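Same order as they appear, the protein sequences are chains C and X.
This note's numbering runs 10 ahead of the 1-based position in the first sequence.
This note's numbering runs 1314 ahead of the 1-based position in the second sequence.
Every residue, glycine too, gets a C-beta built ideally from N, C-alpha and C.
On a predicted model such as this, the values are computed, not experimentally measured, just so you know.
Okay, so here's the structure we're looking at.
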Amino acid sequence: MKSRETIRVGAGAGTSDDRMVPALELAERGDIDYLVFECLAERTVSRENLARSKDPELGYSPSLHARLRMVLPTCLRKGIRIVSNMGAANPLGGARATRKEATDLGLGDVAVAVVLGDDVSSIVKHRGELTLIENGEPLESILPKMISANAYLGADVVCEALNTGAPIVLSGRVADPSLFLAPMMHEFGWSYEDLPKIAQGTAAGHLLECTASVTGGCFGWPGKKDVPDLARNGFPFADVTPDGAVVIGKTPDTGGRLDVMTCTEQLIYEIHDPTAYITPDCVLDISSIALTQEAADRVRVAGARARPGTPTYKVNVGYADGYIGEGEVSYGGIDAVARAKWAAEIVKERLKLQGFVYDDFRVDLIGMSSLHDQLDIRPEPYEVRLRMAGRTRERKAAHAIGFEVRAMHMHGPGGAGGACEPRVRDVLAVKSVLLPKNLVNAQVVVEGSL
Amino acid sequence: MSVRVYDLAHARAGDKGNTSNISVICYDTEHWDFLERELTPERVAEAFKHIAKGPIRRHPLRNLKAFNFIIENALGGGVTVSLAQDIHGKSLSNVMLAIELPDPK
Chain C
11 MKSRETIRVG AGAGTSDDRM VPALELAERG DIDYLVFECL AERTVSRENL ARSKDPELGY
71 SPSLHARLRM VLPTCLRKGI RIVSNMGAAN PLGGARATRK EATDLGLGDV AVAVVLGDDV
131 SSIVKHRGEL TLIENGEPLE SILPKMISAN AYLGADVVCE ALNTGAPIVL SGRVADPSLF
191 LAPMMHEFGW SYEDLPKIAQ GTAAGHLLEC TASVTGGCFG WPGKKDVPDL ARNGFPFADV
251 TPDGAVVIGK TPDTGGRLDV MTCTEQLIYE IHDPTAYITP DCVLDISSIA LTQEAADRVR
311 VAGARARPGT PTYKVNVGYA DGYIGEGEVS YGGIDAVARA KWAAEIVKER LKLQGFVYDD
371 FRVDLIGMSS LHDQLDIRPE PYEVRLRMAG RTRERKAAHA IGFEVRAMHM HGPGGAGGAC
431 EPRVRDVLAV KSVLLPKNLV NAQVVVEGSL
Chain X
1315 MSVRVYDLAH ARAGDKGNTS NISVICYDTE HWDFLERELT PERVAEAFKH IAKGPIRRHP
1375 LRNLKAFNFI IENALGGGVT VSLAQDIHGK SLSNVMLAIE LPDPK
């Protein structure tokens, strides 16, 4: 149970294709004050930028409509404020879509506070000398192919958006934990100087940002790490007090499990150096954290530490980098593996005969080597699925892979079955640079009347 | 008699760019010292040599009964360009769990 001093921040999505219903359960039965939807993967903003270039009203997360339609009636009725980065490459367009959803649902004129300024493409395009973190090359090397450049903004500007009083806050790129930290800063007046509290809030945000990962998703193992009623797993929330005490819980009467084991896995997830997890808000040290089971499905988080934030924002630069083509076909029964291997050689030869070249090429025998390689030491299964994939500058060369794999039905070793349609996708690659914070103009605009 | 990491610990793999982040978390605090001694970056490098070029770093997390392994050049160039099926390397925790270690007794 939460006291009056406590705010409860719920996690409604941890990726653009997260499950829908648990967010509604959290809004209806979780007694939450805030519902945070984190919906941007690394390349999502690039993809949405392309969508926006075709239609200026698009560019926000396509799942915005379905998610908001589902939770808006409950959230507005109960006064649950929504915070989300579903604005993606077009937060203002997302705000207009949000307001239209509210009107269409008969909920009236709903104001949306919009966080702007993460799009720094016009700034970085004049700064080709910045160094790409991944390979040490200058940004210049990818500038001609750049599709988007977005800074990971922090909780400060999201907090500013909450200060407007708008029931909904929509942003583009904001660091995941910052979306959760912002309501705490807003409610309790925390500033970046309150480092122990910022540390606790950031740790809570990190625990919540992958939703079900802390409630038994991506965790279970039959007989070893059992998860009760995983089919009905619930989403988590954090109970936070003004002094930075944090307890993680989950929607009552849902499946899954929330304990020290699930929280530890999520706490370390993607953290790299545990003493220096850099967010726009602070440099978090999780090595001092103690997790304790306080009650069933309730875990206390204590002892997070932090140093002040760095003077730079991390900026993701998305750019077009050719195409990936792939195809699959299956072989079963006697000598299935030998026939699949032969098919792979035939496809490779046919691609070569047509003069196609690939920057990278890969052959997988699904069932043996598609995840962990080492085909030569794996036992032969009854059936295998051959998968071939290549990356190339030419769409035609990418398409040819799936085309030639599918042709194994008629033009390859005996008994090929179940080829898929040739698949081609645009490669939206992402590299990153660090940009001084003082060059970035993060700001808040309110759409609608308060 | 040897043990597997699987017998003593659970694990989760995550990504950032072309780097895999794999946690190893003891079921029981008393196994932490054993894993600190035996689950060395060198041993992990050997298990991942066909997957990752490295380098590999290990961060001890005694408070959490855990270790965090950072394995560089492990994800086919990174999530956005990799040709792998498992572009995030989520399944790589199972390579870690399968590592065999000498008998702790």
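Anything in chain C within Cβ reach of residue i, meaning under 9 Å, just list it in chain order.
i       : result
N1332/X : E144
V1319/X : Per Cβ cutoff of 9 Å: no residues; V1319/X is ~13 Å from chain C at best.
H1324/X : F229, W231, K234, K235, M271, T274 and E275
So, helix, strand or coil for residue i, using DSSP?
i       : result
F413/C  : helix
T322/C  : strand
E336/C  : strand
R39/C   : helix
A426/C  : coil
H1324/X : strand
I278/C  : helix
F1348/X : helix
K135/C  : coil
A105/C  : helix
P32/C   : helix
T402/C  : strand
D263/C  : coil
S181/C  : strand
T1354/X : coil
N145/C  : coil
E1414/X : strand
V167/C  : helix
R1372/X : strand
G342/C  : strand
W200/C  : coil
N1377/X : helix
K235/C  : strand
Measure the C-alpha to C-alpha separation of residue i and residue j and round it to an integer number of angstroms.
i       : j       : result
T113/C  : P187/C  : 31 Å
L78/C   : A417/C  : 44 Å
V122/C  : A213/C  : 27 Å
W352/C  : K358/C  : 10 Å
E144/C  : A306/C  : 43 Å
H9/C    : N1335/X : Residue coverage of chain C in this structure runs from 11 to 460, which leaves residue 9/C outside it and unanswerable.
P72/C   : R183/C  : 15 Å
V125/C  : A171/C  : 7 Å
H1364/X : D383/C  : 7 Å
V256/C  : I296/C  : 14 Å
E150/C  : K64/C   : 26 Å
P1369/X : A330/C  : 29 Å
A161/C  : V325/C  : 4 Å
G424/C  : R395/C  : 14 Å
S459/C  : A159/C  : 31 Å
R62/C   : T1343/X : 52 Å
N1332/X : I356/C  : 31 Å
S223/C  : T272/C  : 7 Å
A192/C  : H421/C  : 59 Å
I208/C  : T174/C  : 21 Å
D374/C  : R397/C  : 5 Å
R308/C  : A354/C  : 52 Å
H75/C   : A399/C  : 34 Å
E52/C   : L217/C  : 19 Å
A241/C  : V327/C  : 37 Å
S380/C  : V81/C   : 39 Å
Based on the DSSP secondary-structure assignment, which residues constitute the bridge partners of residue i?
i       : result
R308/C  : A305/C
T1333/X : K1330/X
C292/C  : P318/C
C1340/X : A1323/X
G328/C  : S158/C and V440/C
What residues from chain C crowd round residue i, counting only those whose CB sits closer than 7 Å?
i       : result
N1382/X : I278, I281 and P284
D1400/X : L381
G1328/X : Y279 and E280
Quick one: list the residues of chain X neighbouring residue i, beta-carbon separation under 9 Å, in chain order.
i      : result
S297/C : H1373, P1374, L1375, R1376, N1377 and L1378
D463/C : The first residue shown for chain C is 11 and the last is 460, placing residue 463/C beyond what the model contains.
Give the residues of chain C in contact with residue i, contact being defined as C-beta atoms less than 8 Å apart.
i       : result
I1339/X : M271, T274, E275 and I278
V1409/X : H382
At 8 Å on the CB atoms, spell out the chain X contacts of residue i, in chain order.
i      : result
I288/C : Near I288/C there are no residues of chain X at all, since even the closest Cβ is about 11 Å away, more than 8 Å.
V437/C : T1394 and V1395
Using a Cβ cut-off of 7 Å, pull out every chain X residue sitting near residue i, in sequence order please.
i      : result
R401/C : V1395 and L1397
D27/C  : Neighbours of D27/C on chain X: none; closest Cβ ~13 Å, over 7 Å.
I334/C : L1397
Q. Does the region 243–255 of chain C touch the region 29–48 of chain C, meaning 3 or more C-beta pairs lie closer than 8 Å?
A. As far as the Cβ criterion goes, the region 29–48 of chain C touches the region 243–255 of chain C, which means the pair count is three or higher.
Q: Would you be able to state if there are at least three C-beta pairs under 8 Å between the region 405–416 of chain C and the region 19–38 of chain C?
A: The region 19–38 of chain C makes no contact with the region 405–416 of chain C: fewer than 3 CB pairs, one atom from each, lie closer than 8 Å.
Q: Assess, as a yes-or-no matter, whether the region 221–240 of chain C is touched by the region 321–335 of chain C under the definition of 3 or more beta carbon pairs within less than 8 Å.
A: By the criterion of at least three beta-carbon pairs nearer than 8 Å, the region 321–335 of chain C is not in contact with the region 221–240 of chain C.
(Q) For the structure I just gave you, are there three or more beta carbon pairs, one from the region 339–355 of chain C and one from the region 309–327 of chain C, closer than 8 Å? (A) Contact between the region 339–355 of chain C and the region 309–327 of chain C is absent, because fewer than three Cβ pairs lie under 8 Å.
Q | Any 3 or more C-beta pairs closer than 8 Å across the region 129–148 of chain C and the region 1337–1352 of chain X | A | Contact fails: fewer than three Cβ-Cβ distances are below 8 Å.
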